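Asker: Under the numbering used here, the first residue of the sequence shown is numbered 611, with each subsequent residue one higher.
Cβ coordinates follow ideal geometry from the N, Cα and C atoms, glycine included.
The structure displayed is predicted, hence computed values, not measured ones.
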Amino acid sequence: WVALATLITPGHPFCGKIVQQAASSADFVPLYIESNGKEIHGWELLNATLNSGDVLYLTMPANRLDQLWRDAPIQLISNAVK
611 WVALATLITP GHPFCGKIVQ QAASSADFVP LYIESNGKEI HGWELLNATL
661 NSGDVLYLTM PANRLDQLWR DAPIQLISNA VK
């Protein structure tokens, strides 16, 4: 398991998702979110929607790190080339 923070961007696979749903589908444990200068913890965290600009702090199995960036880098690069 590793602990890390990820910035939610418009192209991030978790953008617009509810934390509990994202955590379940990508197999991570959310720790807290920094959103608009405040920290969100506990039950409020599980029901929060991840928005662009939020920073999500989490732990996850090291073999699942690709879940944080799947498809997004390819999509962003292909959009830049067009």
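Tell me the DSSP secondary structure of Val629 in three-state form.
Answerer: Position 19 of the sequence shown holds residue 629. Note: Val629 maps to helix in three-state DSSP.
Asker: Under 8 Å, do Leu668 and Leu660 count as touching if we go by C-beta distance?
Answerer: Within the sequence shown, residue 668 is the residue found at index 58, counting from 1. Within the sequence shown, residue 660 is the residue found at index 50, counting from 1. Not in contact: Leu668 and Leu660 (Cβ atoms no closer than 8 Å).
Asker: Below 6 Å CB to CB, which residues in the same chain sit around Gln630 once its five sequence neighbours on both sides are set aside?
Answerer: Taking the first residue of the sequence shown as 1, we reach residue 630 at position 20. So the list reads Leu656, once near-sequence residues are dropped.
Asker: I'd like the span of the alpha helix (DSSP H) that includes Leu641, first residue to last.
Answerer: The sequence position of residue 641 within the sequence shown is 31, counting from 1. Premise fails: Leu641 lies in the beta strand (DSSP E), 639-645, not in any alpha helix (DSSP H).
Asker: Taking the alpha-carbon positions, what's the Trp653 to Ala632 distance?
Answerer: Working through the sequence shown from its first residue, we reach residue 653 at position 43. Working through the sequence shown from its first residue, we reach residue 632 at position 22. Near 15 Å, if we compare the C-alpha coordinates of Ala632 and Trp653.
Asker: Have a look at the DSSP bridge pairing and note the partners of Ile618.
Answerer: What you label residue 618 is simply residue 8 of the sequence shown in a count that begins at 1. Its beta-bridge partners do not exist; DSSP assigns none.
Asker: What residue does the beta strand (DSSP E) around Leu668 start on, and which one ends it?
Answerer: For the purposes of this step, residue 668 is identified with residue 58 of the sequence shown, where counting begins at 1. Where Leu668 is concerned, the enclosing beta strand (DSSP E) stretches over 665-670.
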